[in-house]
Amino acid sequence: KILIVDFGSQYTQLIARRVREAGVYSEIHPWDMTSQAVREFAPAGIILSGSPESTVGEAAPHAPNAVFELGVPVLGICYGMQTMAAQLGGEVEVSAHREYGYARVRARGHSALLRDIEDEISPEGYGLLDVWMSHGDRVCALPPGFKLMASTDSAPLAGMADEDRHYYGVQFHPEVTHTRQGARILQRFVIDICGCRPLWTASNIIDDAMARVREQVGRDRVILGLSGGVDSSVVAALLHRALGDQLTCVFVDHGLLRLHEGDQVMKTFADHMGVEVIRVDAAARFLGALAGVTDPEEKRRTIGRLFIEIFDEEASKIADARWLAQGTIYPDVIESAGSKTGKAHVIKSHHNVGGLPEDMKLGLVEPLRELFKDEVRRIGLELGLPHEMVYRHPFPGPGLGVRILGEVVPAYVELLRRADAIFIEELRTYGFYDKVSQAFAVFLPVKAVGVMGDGRRYDYVVALRAVETVDFMTARWAHLPYEFLDHVSRRIVNEIDGITRVVYDVTGKPPGTIEWE
Ligand code: XMP
9 KILIVDFGSQ YTQLIARRVR EAGVYSEIHP WDMTSQAVRE FAPAGIILSG SPESTVGEAA
69 PHAPNAVFEL GVPVLGICYG MQTMAAQLGG EVEVSAHREY GYARVRARGH SALLRDIEDE
129 ISPEGYGLLD VWMSHGDRVC ALPPGFKLMA STDSAPLAGM ADEDRHYYGV QFHPEVTHTR
189 QGARILQRFV IDICGCRPLW TASNIIDDAM ARVREQVGRD RVILGLSGGV DSSVVAALLH
249 RALGDQLTCV FVDHGLLRLH EGDQVMKTFA DHMGVEVIRV DAAARFLGAL AGVTDPEEKR
309 RTIGRLFIEI FDEEASKIAD ARWLAQGTIY PDVIESAGSK TGKAHVIKSH HNVGGLPEDM
369 KLGLVEPLRE LFKDEVRRIG LELGLPHEMV YRHPFPGPGL GVRILGEVVP AYVELLRRAD
429 AIFIEELRTY GFYDKVSQAF AVFLPVKAVG VMGDGRRYDY VVALRAVETV DFMTARWAHL
489 PYEFLDHVSR RIVNEIDGIT RVVYDVTGKP PGTIEWE
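For any residue, its number in UniProt numbering is found by taking its place in the sequence shown, counting from 1, and adding 8.
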């Protein structure tokens, strides 16, 4: 196993993820862990993360001494390389400007870390790598025993290696995908240099999570709010396997789900898997509460508040429940930490993150807290969930409530649901569903004139939205073929009485958001 020493970089979790992708177990610990803790961890190798801090100065964070006493391979990334240099007798200088962005690195000296890993070979025979840099300070003198491993035009010491001790430092970030060969470099380090075996697979992750959950809750009852989304579904499957009938799921159907969605959730979990699911049909309450509400944020708050209220009511009926399970995944953790410290602007309030009442007396069980979405999906498949459920596009907590502009009127919900189902069905039929990241229909409560047969129609408008994105923070609208859009539009207008027009949204994010409200 690999120890990742965290100096506070925003990329630290990505290091862990790349290491896991290489099939190796790793843990992240803060830089001020004790040397004894490092020894007890008994790592096969250590990775020192980047940091927003400066290595220069008395109070600069540094790696525990044991890191350089254990005799195991060490890889320092960015700040990790700088502190390695500083702690082993090299020098670091404060640089006036931050280097930030792509850089081209020349590999030098045939290190074990970078050997034969390159994007291109220079005329002089150097390996060339396109990498992502983000740093201020830099190493200006190598520590004794180190050789130059890589350089760029602006950072002559962009990489260093002490092959005898298996110590490596890179100024760039191999953990981000912008560094094209980054995953290979980290794999080289953990597998070839540290000698770890790639045993950390989906099934091991599941075993480990199950063991931890059992240890945490013992024989107590656990309740879980099941939404039908990927994350809560995977938690349900995982906890059911770990705890059997100690798990009770509460599925609050707010009446703003997609066509047949509620029934599918029940079929998958209650019928097929034998999970105890209490379905609360609360459509009427939600629609009642939403009557007359037109402001998007107020709609979100209304839905969020009621959701928690109803969930609470149900939860309190389960007398012996001691734990509340949640499908929190790592990006949620970053996001809500960001908004709590005021670092990230709250563009929209995501009610399923951090919206728990303060007085809940239940302990939290969050078995996916350290995982990224694609890892959650892989373990979902491994747990036997249907592919369709695991690879489903994200769906907002407030559901169709934020896809009907303005007031949520029951008749609109019905129209939108049908239009959305046609769009999604055709995306699947034509093989576009998995090519776009998210697609849906939006209901516009304005009327437009149309003609059908000999008659005039005067009905509503639906907008189709499909986007491609990796992180949902930025997105481009999907360039779906005209013929396809034509086909979907015809079906919607012909089959749904009440819709006369279909438009396609060609706005990116930014300046738009993915949802319309
Ligand atoms: P936006 O519209 O902000 O959406 O570009 C980014 C992603 O977040 C989803 N989204 C939500 N998810 N509750 C959620 O659980 C919400 O209130 C919410 N609003 C947006 C959106 O579907 C997209 O995937």
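C-beta: ideal position from N, C-alpha, C; glycine also.
DSSP places Leu-452 inside the beta strand (DSSP E), whose first and last residues are 446-460. In the structure shown, Arg-309 adopts helical secondary structure according to DSSP, grouped into three states. For Ile-507, the enclosing beta strand (DSSP E) starts and ends at 507-512. When C-alpha distances from Ala-290 are compared across Lys-307, Ile-318, Asp-172, the shortest belongs to Ile-318. Within the model, the alpha-carbon separation for Ala-67 versus Glu-61 is close to 10 Å. Of the candidates Gly-461, Asp-479, Phe-492, the residue whose Cα lies closest to the Cα of Thr-437 is Phe-492.
When DSSP states are grouped into helix, strand and coil, Phe-197 belongs to the helix group.
Distance between Met-481 and Met-141, taken at the CA atoms: about 21 Å. Between Asp-505 and Asp-462, the gap from beta carbon to beta carbon reaches 9 Å or more. For Gly-516, the shortest C-beta to heavy atom distance toward the ligand XMP is 8 Å or greater. Under DSSP, Gly-282 shares a beta bridge with no residue. Apart from sequence neighbours up to five positions away, the residues of its chain that approach Leu-207 with a beta-carbon distance below 7 Å are Gly-31, ordered along the chain. Excluding the 5 residues flanking it on each side, Gln-95 has same chain C-beta neighbours closer than 7 Å at His-70, Ala-71, Phe-76, in chain order. Taking 3 residues as the shortest admissible run, the region 189-271 contains the following complete beta strand (DSSP E) segments, listed from N- to C-terminal end: 229-233, 255-261. Lys-517 is positioned such that its CB atom lies closer than 9 Å to that of Ala-483.
Following the DSSP letters along the chain, one finds Met-41 in no beta strand (DSSP E), marked with neither H nor E. Between Glu-183 and Ile-85 the beta-carbon gap is near 7 Å, inside 8 Å, which marks them as a contact. Considering only Arg-498, Leu-435, Leu-424, Pro-489, the residue with the shortest C-alpha distance to Val-459 is Arg-498.
Considering only Val-478, Leu-264, Ser-159, the residue with the shortest C-alpha distance to Arg-112 is Ser-159. Residues His-262, Ala-290, Arg-293, Phe-294, Ala-297 of the same chain have their beta carbon placed closer than 8 Å to that of Leu-314, with the five preceding and five following residues left out of the count. Excluding five sequence positions before and after Glu-101, the CB atoms of its chain that fall closer than 6 Å to its own CB belong to Cys-148, given in chain order. In this structure, Ala-449 places its C-beta atom within 9 Å of the C-beta atom of Leu-424. Of the candidates Gly-79, Val-198, Leu-56, the residue whose Cα lies closest to the Cα of Lys-9 is Val-198.
Rounded to whole angstroms, the gap between the alpha carbons of Leu-413 and Pro-339 is 28 Å. In this structure Gln-195 is not in contact with Met-89, their Cβ atoms being roughly 19 Å apart against a cut-off of 8 Å.
Looking at the DSSP output, Met-141 sits in a beta bridge with Gly-109.
Distance from the C-beta of Pro-164 to the nearest heavy atom of the ligand XMP is not below 8 Å.
Placement of the Cβ of Ile-522 at a distance of less than 8 Å from at least one heavy atom of the ligand XMP is found. Judged by DSSP secondary structure, Leu-423 falls within the alpha helix (DSSP H) whose first and last residues are 418-437.
The C-alpha of Arg-377 is placed about 7 Å away from the C-alpha of Val-341. Fully contained in the region 365-395 are the following alpha helix (DSSP H) runs of length 4 or more, in chain order: 381-390. For the 9 Å CB-CB criterion, Met-92 and Gly-117 do not form a contact.
At least 9 Å separates the beta-carbon of Phe-277 from that of Ser-235. By the neighbour-count definition (other C-beta atoms within 10 Å, threshold 16), Ser-34 is a buried residue. Annotation note: the region 44-85 contains the following uninterrupted beta strand (DSSP E) runs of length 3 or greater, listed N- to C-terminal: 53-56, 82-85.
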